[in-house]
Structures are given as structure tokens and as C-alpha cells.
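Below is one structure, written out as C-alpha cells; the observations come after it.
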């Protein structure tokens, strides 16, 4: 029996404009930088994860509910990162998320981190996320309702 679409939660604060990337503002803090005052490469991975999490929340998808109700969790399966320019302490950044592929048991995102003040793209990423059974951590199909919801939210990469 197909799972029903996940209803929006009270925490669904960030709207997703039609055919546009979801965007999350991030500020660079000391904890994100290395000794040279630039963002340490691993910090970008955290920024990307936060944006994907908030994208899900904006769709009305609660990861807690997916785990508890549908035995579903997500795990990064693969990631390609292109570092184009450094971010520095106190920079205000925008982390974009675009869902560009939906498979039977995985989804693919195109993500970008930019600095709006100078319109500079700092990082481009492709992230493949697998759907796993929470109880076994083995691959499983996306619930039908969630797969349909994801397909409806897909955007084309520009």
C-alpha cells in the first residue's frame, strides 16, 4: 500500500518557489574556519547537509516521522565537490539545493554555495543520497508518496 504524502509540519518555514532552487542563508563562524581564516573544506559539507535538511523540512517532510512511521532514513552515498573560491570569517553565504534526480531508492541533488555580496559562486556539488531502512541500514525503495512528492519538486539545473 503506498504511503500518503507527508503533511507539512509547523516547522516548515522556508517556502520553495516553483522551478527555483531552495536557498538557506548561512553565516561563517570561527568554528568553520582554519588557521588561515578561510572556511575549512569539511565545513562546506555541513553547510550542504543543513540546506538539504531544511529543504526537506520546507517540503513538510519530518525525518523523525519518516524514521518512526516508515522505517526510512537517508545517507549520503556519493558526493562530488568543486571548490571554486574561499569563504572567510563572517561571510554571509547562500546554500542552494536543487533536486535533479529521483530514483527507486536514491535522490540526487545539485547544490551551490555562493556569496551574495559579490555574486561569487564558491562551491558546486552533486550529492547522491540513498534511502535506507532505519532498522537494518540496508537500501530500500523510497515510499511511494515521498517519491511522488520528490518528483513534483524537481527542478532543472541551470
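Numbering (this note's numbering), first residue to last: 14 to 171. Glycine included, each C-beta is placed from N, C-alpha and C at the ideal position.
query                                                                                  : result
Residue 151 beta carbon less than 8 Å from that of residue 145                         : yes
Under the three-state DSSP convention, the category residue 170 falls into             : Low confidence applies here, because residue 170 scores a pLDDT of 48, under 50, leaving its location unreliable; read the following figure in that light. In the structure shown, residue 170 sits in coil (DSSP, three-state: anything other than H, G, I, E or B).
Reduced DSSP category for residue 117 - H, G, I as helix; E, B as strand; rest coil    : coil
CB contact flag (residue 137, residue 125, <8 Å)                                       : yes
From 69, 45, 81 and 44, residue whose alpha carbon lies closest to that of residue 147 : 81
CA-to-CA distance, residue 142 to residue 58, given in whole angstroms                 : 13 Å
Residue 153 (DSSP reduced to helix, strand or coil)                                    : coil
Whether residue 64 touches residue 108 by CB criterion (8 Å)                           : yes
Euclidean distance between Cα positions of residue 117 and residue 49                  : 43 Å
Secondary structure of residue 74, DSSP reduced to three states                        : coil
Rounded straight-line distance, which links the Cα of residue 62 to that of residue 97 : 19 Å
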